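Chains as they are written, first to last, in the numbering used here: chain A, 63 to 338; chain B, 2 to 560; chain C, 514 to 643; chain D, 59 to 400. Built from N, CA and C at the ideal position, the CB exists for glycine as well. None of these values were measured; they are calculated from a predicted model.
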Amino acid sequence: MTRAPERPAAHDHVPHLAHHFRSLQQQYDAAKLGMWLFLVTEILLFGGLFCAYAVYRSSHPEVFVYAHRFLDKTLGGLNTVILICSSLTMAWAVRAAQLRNRRQLALLLAATFICACGFLGIKTVEYHAKWKHGLLWGQRYQPVEHTADQAPADNAPLAPAPTAVPPGAGADRSLLPAPGKAPAGLAAGEALTARSHDPGNVPRNVHLFFGIYFVMTGLHGLHVIAGMVLIGWLFVRTLRGEFGDGYFTPVDLGGLYWHLVDLIWIFLFPLLYLIH
Amino acid sequence: MTAHQPAPAPHPGASLHGGGAVNYLNAAPGLRSWLTTLDHKRIGIMYLISILASFLLGGVFAMLIRTELLTPGRTIMSAQQYNQMFTLHGAIMIFLFIVPGIPAALGNFVLPLMLGAKDVAFPRLNLASWYFWLAGALCLLFSLLFGAADTGWTFYTPYSTTTNTHVVATTLGVFILGFSSVFTGLNFIVTIHKLRPKSMTWFRMPLMVWALYATAIIQVLATPVLAVTLLLLIVERTMGVGIFDPALGGDPVLFQHFFWFYSHPAVYIMILPAMGVISEIISPFSRKHIFGYKAIAYSSVAIAGLSFLVWGHHMFTSGQSPLANMIFSALTFAVAIPSAVKVFNWLATMYKGSLRLDTPMLYVLSFLFLFGIGGLTGLFLGSLATDIHLHDTYFVVAHFHYVMVGGTLIAFLAGLHYWWPKMFGRMYSEKWGRISALLVFVGFNLTFFPQFVMGSQGMPRRYYNYLERYRVYHEMSTAGAYLMAIAFMIIAVYLAHSLVKGRLAPANPWGSATLEWETGSPPPVENFLGEPQPGDPYDFSALVYDPALQGYRDAKEQA
Amino acid sequence: MSDTHAAAAAPGSAGAGHAESTGLQVHIVSPRVLLGVWGALLLGTALTYAATWIDLGAGNLWLAMAIATAKAVCVALFFMHLKWDRPFLGFVFLIAILCVFLFVGIALLDTQAYRPDLIPDYAPGITPPG
Amino acid sequence: MTLRLFGTALPALLGLVALIAGAGRAAAQSSTGPTFWMPVQGSTGAAGVDSVFYFILWIALFFFALIVGVMVLFVLRYRSRPGREPEPSQTHNHLLELTWTLIPAALTVVIFGFGFRKFLDLSTSPANAYEILVTGQKWKWLFTYPSGYVDDNLHVAIDTPVQLLITSEDVIHSLYIPDFRVKKDAVPGRYSKVWFRATVPGEHQIFCAEYCGTGHSDMLAQVVVHPPGEFEQWLATNADLLDKLPPAEAGARLYAQRGCSQCHSVDGAASVGPTFQGVFGHLVPLKGGSSAPADENYLRESILEPQAKIVAGFEPVMPTYKGRLSDREITAIIEYIKTLAP
């Protein structure tokens, strides 16, 4: 909770100790409990979306199985890895702050920030591809003809024009130099071509999946942005040398927030990208 | 007990203007010092002023609604305006007034004092929550000026997604108000856990604190779900993400699950602090130790827990499955029990006491009467067979108002009169206090009791027009509403008058044993001049009445 | 709720240290633990990924959720310090999870129970694509 | 002072108790007629619901009298007055507290059970029930009979189990028949079922109980309970009115029955939509300055695609009637509009 009054009240002798606390320990415990309660509200906020997801997945399983193939497992997985790394750097940053290693702290915060940028960058690529193929929510769901074939080429901006490539091969371009065996990508490709040949198999109300996909990842994205602001602010305070003397509460709390953002993605990834 | 106080008379900070003693009111002059204050007492007062303003606004809407309903068909406004009126009346009264009413205004002021703490855990967050309240209120005002939502405060889809009024502005306002509510609750939980002096153990906490604790738990756990519900509603209206809109394949009944998962616990956010106030007042005014302290404390927490298991009783006719209907009906009755326990304990507290029937106590008595009716009529609505008939009729409207106005508002008035001397260091006119308390009681029953009857006779709620056969009930109801309005005006007048002309208040006018009465009226900026000594909050044996002070003081202390 | 009788906080284990000038009792996580958890998380991700190649029907969902939960527990315990913090914080966390389960559970139970009443694929506002 | 206050307050509050109690008693000899609390018992289900209602009412009255009685007694006996000192007594008593926890607990279980049993009676319809499709739309009820005939009132035969299949065209409505103690939401995208067996011939009020916008309180209809034999007759005479009546007259009936009348007057008064009077054959000013001649095609288009041309000064709120009115029905309505000269 960045608003927690950790800053020293002007007249105080003990630096960073607000007037209404008896000891730094008490102040630290209070701040920490406050942050955890804030995380509780975040969990319930997303809880609502998970509820919507559960209800619609159980009522329209075919929609979810069909539509999730339009998401790019590779990019999703990549983002998961990025977030996990950012969690590591963040946790390490807390350690650095506790050990008063200001330089390391600054570096690790910067690293975390860069990871966050990477995550958003990849999300942008994914969103852009969805937009291009009209894979949107509600009435805006207007998939271009045979989206199926192009879907795995979601990451077109990263790959050479996918048109000539057999369906599905596009997916691995992003990671592998040569087009070829990316099981996930291929699986998707075959399934889709199979479908696009007889449209009878395409379930109705596919837009529901994309509505939920955009709401969930969108809200999560907003939280990533908020996290970046928070980390940036911590970074500045570090450069100002505010965390040099063993005072690290803000870093600790910022870390908790960032890990929660990671936690939520850990569930979003399999639920949205890896439906079987 | 009050050893830390400088010798009484003139009392520490007993006076508002100068008079020597420095207190939280005169410590720092100027509007700016208020708008930037981190003092929980000042923030409490700011909240008090704001919520009273919104109560006035919501009250005006209520009077307009009752006037419109005086006759069937058009009386003073169009159907569209009427629909916006009752929507705003509901939204303003619930989200701007009742929810923050007791916790954020009275609670903010007394909680740290009762605990013997210097402030709440996060003073800045506390101030922020007030500014969030302000932002939310402004959003609602904006929507009010530019075509307010006509959806009812429940925002049911698909009506709320299709109507062409400013639903987004209204829901955004409520969304922002959610933050202020969450921040208050979060702050209180941490304060209660971390800021108590060593000697203030859990079971020495005043019951008001227990009530605020239970309330805060609900605020933190339930409000985010309302937030996400409103977010989904907003993206539905602005971008057409059809999660709740059947036209887009969405499920409107799911919206009702979302909405009531917050909004049922929310009614306990509204009533629990009220129960706390009652426990706080009934004991000193009976000069008796509260009966069954632990039972009352635990029942608050029990209500908080159970409140999350009963939301479906708002959906018995909505197409919810019979299975869920059964589960929710059964659980609903479970909530009745802790509430009953509290009532019996309050009655037992009065037994063999010496009852001082001053204004706060009169409100407590009318609370017992009105909340009794409100609670018992809840049985009709919890029971499946009868709810099918009564759901969405005036019976529900009456029940809701008996609990929320007869319960919460009355308790709020009780608390306001009880803590008024502590807040402003002045006594109000006891005579007018009692008269208006009686007027409120009579006016309230006249307004809402007929609504039970017309409800069970079939009059649906949210009706602009109605059949002739319901007319007489509506006329009674409107008459009562005017009577209540008069009573509220009287209250406003004598309270305002007391601020300037009122007799200076002693530190402990009622002879209460909770800590806030150990410090001056009004309290100093630091709350306590010495280290407060928490004891049994309902043991009055150490207190004696001192005519010189016109208040109570510690028996051991020299007058 | 014993946490309120405060002061003597988390026991410092292996890499325990504490900041003299602040006198705060905090546990400092050792690099070994940090990297270990990191590795476990990457492994978990790989597993979730691999799990989609084998077909367990409905089992896939539960497997994926199980792995995700395991990863979440790792993050909460070590990166978020729950392992060394006051148990009450973990309790708060669990309450939140419990609430979400309650909400999702009952909503799911009801929506599945009334599904027969729904008109299949009702969505007049949507013009079917293609 | 205090005493005088209570001197005045007491009669008021005791009078209230007496009122409720008296009312309860009057009602307790439950005839099927209307009582202080409840409307006529117009169906077999009603009696069951009322029995639960009065059962709870008596319990409630008992506890209310107990609470207020004790309160008033204490106020009179223990009010502080010169020389009155509080007498010592227990600050808690587990046995006592347990009793007043368990007794209400037990009672609530009973109330739940009773209410649930009657609820099951209400919700499980007999197999041979006569089915009628109910459609809610802003702000009108439509009742479709097995024959396909649509009426704006609910006609049923007495002593016959009737099952209603309820749905909605636009937003959520709620079909509410107080005399039958029946209420069920009409939710778009689903069919809700409710049943009753009417026992009292004549008309019974139908309300919309779920708020649905401007016309919510005018979304009324009647249940007409026919004595034995008459229902079939009534249905037969109304079933094929398009064949029986000249188009204009049939159109007049459809105008009243299919919801046109909710928004379009025939006397020149503008309401939610423009009036039908003298529309035909004239130029209609449209939103955005242009205008259009009101011929057959214009009227047909306005019915099927209401958003295509919006008359100046009105909101685009009319739902499409595509699939809700047959071609013949639309023609009949147009014929009717033609007859409405100023």
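What does DSSP give as the partner residues of residue i in its beta bridges?
i, result
"D:Glu261", "D:Val282"
"B:Tyr553", "B:Tyr546"
"D:Phe201", "D:Val192, D:Asp209"
"D:Val252", "D:Leu222"
"D:Ser232", "D:Asp243"
"C:Pro629", "C:Pro629 pairs with nothing; no bridge assigned."
With 16 other CB atoms within 10 Å as the buried threshold, where does residue i fall?
i, result
"B:Gly320", "buried"
"C:Leu602", "buried"
"B:Phe204", "exposed"
"B:Ser542", "exposed"
"B:Ser280", "buried"
"C:Trp575", "exposed"
"B:Trp420", "buried"
"A:Ile328", "buried"
"B:Lys557", "exposed"
"B:Met490", "exposed"
"B:Asn642", "Since the displayed chain B opens at 2 and closes at 560, residue 642 of chain B lies outside it and no answer follows."
"C:Phe614", "exposed"
Quick one: residues in its chain with C-beta nearer than 6 Å to the C-beta of residue i, no 5 flanking neighbours on either side, listed in chain order?
i, result
"D:Ala215", "His284, Phe289"
"A:Pro239", "In this prediction, A:Pro239 scores a pLDDT of 30, lower than 50, which makes its location untrustworthy; the coordinate-derived value is nonetheless stated afterwards. So no residue of the chain qualifies."
"B:Phe78", "Phe is not the amino acid found at residue 78 of chain B; the sequence shown has Met there. Here the set comprises Glu69."
"B:Gln257", "Met316, Ser319"
"D:Glu359", "Ala366"
"A:Asp314", "Val156"
"A:Trp199", "His269, Phe272, Gly273, Phe276"
"A:Phe83", "Gln89"
For residue i and chain A, any beta-carbon pair shorter than 8 Å?
i, result
"C:Gly638", "yes"
"B:Gly407", "no"
"B:Met201", "no"
"C:Leu622", "no"
"C:Ala609", "yes"
"C:Lys584", "yes"
Tell me, please, whether the CB atom of residue i is closer than 8 Å to any CB atom in chain B?
i, result
"C:Leu615", "yes"
"D:Ala399", "no"
"A:Leu145", "no"
"C:Tyr635", "yes"
"C:Asp630", "yes"
Please work out which residues of its chain come closer than 7 Å, Cβ to Cβ, to residue i, disregarding the five sequence neighbours upstream and downstream, and give them in chain order.
i, result
"B:Tyr269", "Ile219, Ile304, Ala305, Ser308"
"C:Phe591", "Val542, Val546, Val550"
"A:Leu322", "Leu101, Glu104"
If I measure Cβ to Cβ from residue i and keep anything under 8 Å in the same chain, skipping five residues before and after, which residues do I get?
i, result
"A:Gly283", "Leu182, Lys185"
"A:Leu170", "Thr151, Met152, Trp154, Ala155, Ala158"
"A:Ser148", "Ala173, Thr174, Cys177, Ala178, Phe181, Trp320, Asp324"
"B:Lys353", "Lys289"
Establish whether the CB of residue i and some CB of chain C are separated by less than 8 Å.
i, result
"A:Ile328", "yes"
"B:Gln81", "no"
"B:Val236", "no"
Check the Cβ-Cβ distances between residue i and every residue of chain F, and say whether any is below 8 Å.
i, result
"B:Val229", "Chain labels in this structure do not include chain F; the protein chains are A, B, C and D."
Exercise. Where are the alpha helix (DSSP H) runs, 4 residues long or more, that stay fully inside the region 246 to 322 of chain B, in chain order?
Worked result: 253 to 287, 294 to 307
Problem set entry | alpha helix (DSSP H) segments (min. 4 residues) lying fully within the region 66 to 127 of chain A | 86 to 121
Problem set entry | Every unbroken alpha helix (DSSP H) inside the region 301 to 328 of chain D [4 residues or more] | Uninterrupted alpha helix (DSSP H) stretches at least 4 residues long and entirely within the region 301 to 328 of chain D occur at 305 to 315, 318 to 321, given in chain order.
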